[in-house]
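S.K.: Right, I'll just put the structure down here and ask away after.
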Amino acid sequence: MNDAKTDRQLRLYVGLVAFGGLCCLVWAAGALTAVAPGQLLYVTALTVIIASATSRLIEMRVRSDHHAFTSTSGSILVAVATVPLPLALICTALGILIAKAFLRDSLKISFSVAKNVLAAGAAGAAAYLAGIRPPTTLTFAVEFGPRLVAALVLASLAYAVVDELLSHTVVALATRTAWLQSFKRNWDVVAVVRLINVAVALLVLYVVKSEPLFIAAMVPAMLALQFATKNQIRQRVDQEAWQRLAASTDQLNVTDLTGVLHAAVTRVPELFSADGAEIELRDVSPPRLVRGSANRISYEGPATEAPARTGEVIEEDLRGPENERIGVLRLLFRKSVKLSDSEKYKLQTFASSLYTAVQNARAYTELKRINAENAHAAAHDPLTGLANRRELLEQARARFAARNTDGIFALLLIDLNHFKEVNDTLGHTAGDDVLREVAKRLEEAAAPGDLVARLGGDEFALLLTGLPTPAVAAHRATALLDSLERPIEVEGMQLTVEAAGGIALAPGSGGVQELMRRADVAMYQAKRGGQRTATYAHARDTADVGRLMLGGELSRAVAEHEFTVDFQPIVDLGSGEVTSAEALARWHHPQHGHLTPGQFLQTVERSGQLPGFVDAVLEQALTAYRMWLEAGFDLPVAVNVSPRSLLDETFPAAVLTQLARHAVPADRLVLELAETLTLSQLEVVDRALNELRDAGVRLALDDFGTGVSSLSVLSRLPVHQLKIDRGFVRAVETSAEAAAVVRSTVDLARSLHLTVVAEGVESEPQRLALWELGCVAGQGHLFARPMRSGRLLATLQRGSAGRPGVLAGALHPAGSVVRMPRRRTPGQGRSSLPHLPA
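So the number in my numbering is just where the residue sits in the sequence shown, counting from 1, plus 309.
So this is what it looks like as structure tokens:
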């Protein structure tokens, strides 16, 4: 549409110029007087000189059209100075027609003739005003002097004004550029040429003054002048063309691929005077095409969807140093065009630069992508896409810096319970699915402005912002943990995620690290208290600080053998005879004294020191067994086992190695398992337990009756013994419910051929009540407190009422009950398992 508009403007303008020239020629034809035959040679030579002077100094193509720029002012100055103005105009018109005879475009011929006729008319009028008035007949009465020089300069100036005005206007219209921009191109060379033409005109006038026929000898001189001038301007134009090419290729040095393509498409038409250009990249799918003209993009998108082209197309491949082809650059013309050798070379050069720019832009884009990925990876968790610990700390520091304006904020630390069992049961892929789902739910439940982060493993954190009051933090934490309650489906199974959260409000001092510490303390307070969330309270921080301190001392404790084992005997409730012993770990801390498992076991479980701790306990338990056996007491020893140990693939082998090293039969070791094991844990512990049971190790289910799925757990675990929780034993005398639990447990054990041990027996009435309910074994302070292995041996040897191995009197006369296994003396066979009372 713009091209059609430009063509209309050009045709209108050329028509106006042609009409002006025609008017001048009509006037000249009417005013022309007859030329004598003797003067025809001069007029003919003058016309030939004008024709030769009109040969192209420089030709430039404006889109699909060629425009030649000439300098005919010298010959026209001779004409207006020596012949009447009407004849000068006729000679000018004829000379231009002769020079342009090769052109087939009538519009161009008309414009060229009319332009030069108008310029010659302006020059003749200026010369006339300056005092040069050729007679109506051909004479050579030219007087040399300052007046002639001034007249010719004035005539040359008038010619130049009209010629430059008309020529550059047509170029400006054709290229849609400013008139002044076209004028400035080669203006200095053109000015020099016009001055030279004034000098040439003076020379011709001087020669023909004496003999008019000498003008014929001036034809070669004019041609030589034209040739020299043409070469000078062509060199200038070529230099400028290369400068424009260099400037255009510089504009391709942008880092954005789209910017490179747009710059190339809009610059190429100007460089090669094309009507338009397009670039097609073929090494992408689908091929990408950008089409446009000077300063305008007309299409950008898939090459297959681009509008059809019309006119002439000149292509140049975009190839690299190794001849790899990534696309093609096309010049678009309305008409048939043939590029010169110089233009072809420039096109190749531009295409090579474009190839380099495209590849550089792609490389930069890829580098930006990699940098962005690295920056994202540095701040985000790769599994869930959440912010990582580093990003959380940075955001928290920023909140601390802006806390005076952003209000209250807090940190919620969330830890998933029993997550390791999911990994070990279903595999890490399933565990990853759970973590991703947890992350998704936390993000969906978070308030706008909150930052959700994964700190590692199964630990998440949320930076809660925009809190109007501190109490709102607890409400948000509850809502976040509520979002995790819905079952998660993994590999066709429904898993329930349990979690505990610790909340810490931003402290007044200590910064981010103190905030993290407080949230961590609160989270462990929630875990120990069986709560979903807990808010940090300074008054309850002492124990947590101690726990954190202990965590850093575990490796030393294992290496320095600070973990010791006490033993509590398990007694036949009917006879009072000791049947076995339970190993209870203690930490003999250099500063804190003796610490019970409740003070350090959780810290050990969460550390990397659990295998070393278990080895230390087993070592002392089996050593004690060997000592008692050698003293004549064959007492199986029970050792508590953490669920995390059962999740360790190396645990069964480690236990069996210890048994072999101490030469202890496998059935003399009882491993006590927590009844609170979840079903998700059972999947993975089955393998370990079956391996141990197959080897002969006996298994006991500790704290039976306290779990929410006792029967489900019991049906899955291959145990030999049930241990009734001390809470039921304490209430067995006064609570019918507790007594019912004990009786049902005994009945269940009898049906499954299991033994039963009551924990926490502290009085004779409890002992009697348990016996009457069918429980035949127990342990507690009624019989003995936990003691070191050597002291227990001494107690066994001393016995009760002179009976070694007996710690309490019998409930009934001898023979009224089925006796428990007796102590074993060296050389005797192994005792059988205890039996339930009849």
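Ideal placement from N, C-alpha and C gives every residue a C-beta, glycine not left out.
By Cβ distance below 7 Å, which residues in the same chain neighbour Glu928 in space, the five residues on each side in sequence not counted?
M.R.: Gln967
S.K.: Counting pairs of beta carbons, one from the stretch 452-468 and one from the stretch 396-410, are three or more of them closer than 8 Å?
M.R.: no
S.K.: Per DSSP, Ser602 is paired with what?
M.R.: Arg605
S.K.: Going by the CB atoms, is the gap between Leu919 and Ser954 shorter than 8 Å?
M.R.: yes
S.K.: Using 8 Å for Cβ pairs, my map puts Arg643 next to Val622. What's the rounded Cβ distance?
M.R.: Wrong, their Cβ atoms sit about 11 Å apart, outside the cutoff.
S.K.: Determine which residues share a DSSP beta bridge with Ala1086 and list them.
M.R.: Asp881, Val1066
S.K.: In the DSSP assignment, what are the bridge partners of Pro611?
M.R.: Arg597
S.K.: What residue range is occupied by the uninterrupted alpha helix (DSSP H) comprising Leu789?
M.R.: 780-791
S.K.: Are Val1041 and Val1055 touching if we call contact CB-CB under 8 Å?
M.R.: Taking 8 Å as the cut-off, the Cβ atoms of Val1041 and Val1055 do not count as close.
S.K.: Have a look at Ala788 and Asn683 and give me their C-alpha separation to the nearest angstrom.
M.R.: 33 Å
S.K.: Since His870 is in the beta strand (DSSP E), which residue starts that stretch and which ends it?
M.R.: Counting along the chain, His870 falls outside any beta strand (DSSP E), and DSSP gives it neither H nor E.
S.K.: Flag this pair as yes or no: are the beta carbons of Arg597 and Ala612 separated by less than 8 Å?
M.R.: Cβ atoms of Arg597 and Ala612: closer than 8 Å.
S.K.: Per DSSP, what are the beta-bridge partners of Glu752 in this structure?
M.R.: Its beta-bridge partners do not exist; DSSP assigns none.
S.K.: State whether the stretch 879-888 contacts the stretch 1073-1088, with contact taken as three or more CB pairs (one from each stretch) at a distance under 8 Å.
M.R.: In short, these stretches touch, since the Cβ pair count reaches three.
S.K.: Between which two residues does the beta strand (DSSP E) carrying Ile623 extend?
M.R.: 621-628
S.K.: Among the candidates Glu587, Leu720, Ala402, Ala890, whose CA atom is the shortest distance from the CA of Leu355?
M.R.: Nearest in C-alpha terms to Leu355, of all of Glu587, Leu720, Ala402, Ala890, is Ala402.
S.K.: Distance check for Ala688 and Val563, CA to CA, integer angstroms please.
M.R.: 29 Å
S.K.: Tell me whether the beta-carbon of Phe960 lies closer than 8 Å to the beta-carbon of Ala997.
M.R.: yes
S.K.: If you follow the alpha helix (DSSP H) that Met832 is in, where does it begin and where does it stop?
M.R.: 820-837
S.K.: Return the chain-ordered list of same chain residues with a C-beta closer than 6 Å to the C-beta of Ala436, the five sequence neighbours on each side being excluded.
M.R.: Val389, Ala460, Ala464.
S.K.: Can you tell me which of the three DSSP states Ala1009 falls into?
M.R.: When secondary structure is reduced to three states using DSSP, Ala1009 falls in the strand class.
S.K.: By the DSSP assignment, the alpha helix (DSSP H) with Gln1030 in it spans what residues?
M.R.: From DSSP, Gln1030 is part of no alpha helix (DSSP H) but of the beta strand (DSSP E) over 1030-1033.
S.K.: Spatial neighbours of Pro906 within its chain, please: CB distance less than 6 Å, with the 5 preceding and 5 following residues excluded, ordered by chain position.
M.R.: Ala894
S.K.: The alpha helix (DSSP H) that contains Thr401, what's its start and end?
M.R.: Following the DSSP letters along the chain, one finds Thr401 inside the alpha helix (DSSP H) bounded by residues 394-408.
S.K.: For the alpha helix (DSSP H) containing Ala1049, name the first residue and the last one.
M.R.: Start and end: 1045-1061.
S.K.: Could you tell me the boundaries of the alpha helix (DSSP H) in which Phe922 lies?
M.R.: 919-939
S.K.: With Glu675 as the anchor, note down where its alpha helix (DSSP H) starts and where it stops.
M.R.: From DSSP, the alpha helix (DSSP H) with Glu675 extends over 650-688.
S.K.: Pull up the distance between the alpha-carbon of Asp374 and that of Val480, whole angstroms please.
M.R.: Here Asp374 scores only 43 on pLDDT, less than 50, and its place in the model should not be relied on; the value that follows carries that caveat. Taking the straight line joining both Cα atoms gives about 11 Å.
S.K.: If you follow the alpha helix (DSSP H) that Arg953 is part of, which residue opens it and which one closes it?
M.R.: 952-955
S.K.: Determine the extent of the alpha helix (DSSP H) in which Ala435 is found, giving its start and end residues.
M.R.: 415-438
S.K.: Comparing alpha-carbon positions, which option in Pro393, Ala762, Ser361, Arg600 lies nearest Gly339?
M.R.: With distances taken between Cα atoms, Gly339 lies closest to Pro393.
S.K.: Quick one: using the 10 Å Cβ neighbour count with 16 as the cut-off for buried, is Met802 buried or exposed?
M.R.: exposed
S.K.: Helix, strand or coil for Ala361 per DSSP?
M.R.: Ala is not the amino acid found at residue 361; the sequence shown has Ser there. Ser361 falls in the helix class under three-state DSSP.
S.K.: Roughly how many angstroms lie between the CA atoms of Gly329 and Val426, to the nearest whole one?
M.R.: 9 Å
S.K.: Between Cys1084 and the rest of its own chain, which residues show a CB-CB distance below 6 Å, the 5 nearest in sequence each way excluded?
M.R.: Val1055, Val1065, Ala1067
S.K.: Are there 16 or more other CB atoms within 10 angstroms of the CB of Gln840, so buried, or fewer, so exposed?
M.R.: exposed
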